[in-house]
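Note sheet for the following structure.
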């Protein structure tokens, strides 16, 4: 959670602007082992599923009424609730590039497989990152 605040601070420092996709749309992350279908079946009024996420994390996007949001905050199934937002860095912002080969001991670009290719990454610090696999 602390890293999330650092990320937002960095985006704002680079001139990023946040806009809400829908002032009542949220991303809900469920605790590990919670079944999304049974969790959603318990919800009634003021609860409209927009998208279910299951590959990288266990959760969903949902439009919530204020009362449904309040009830969901007290659910023991829920790990985190975040307002759905879009961050954009204005064109022309000079962000220092990082050479992937120098970070974390990863191998440098291969002569034929990566010539002329720059790779940039953004680490969210999320513990869910274990599900993402890099192939070289």
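In mature numbering (1 follows the signal peptide of the UniProt record, and there is no 0), the protein residues as written are -18 to -1, 1 to 118. The C-beta atom is built at its ideal place from N, Cα and C for all residues, glycine as well.
Query	Result
One or two residues paired with residue 9 in a DSSP bridge	43, 64
Nearest-angstrom Cα separation, counted from residue 19 out to residue 35	12 Å
Where residue 5 falls, given that 16 or more other Cβ within 10 Å makes a residue buried	Note that residue 5 scores 48 on pLDDT, short of 50, meaning its location in the model is unreliable; the coordinates nonetheless yield the value given after this. Exposed, since its Cβ has fewer than 16 Cβ neighbours within 10 Å.
Per-residue burial, residue 40 [other beta carbons within 10 Å of its own, 16 or more giving buried]	buried
Short Cβ contact (9 Å threshold) for residue 33 with residue 59	no
For residue 66 and residue 49, believed in contact at Cβ under 8 Å, the rounded distance	With 8 Å as the limit, residue 49 and residue 66 do not qualify as a contact, their Cβ atoms being about 19 Å apart.
Closest Cα partner of residue 16 within the set 9, 7, 61	61
Residue 26 to residue 69 span [Cα, whole Å]	31 Å
Limits of the alpha helix (DSSP H) - the one that residue 55 falls within	48 to 55
Residue 10 to residue 45 span [Cα, whole Å]	10 Å
Best match in 7, 12, 57, 56 for proximity to residue 28 [C-alpha to C-alpha]	7
Distance, residue 47 Cα to residue 13 Cα	22 Å
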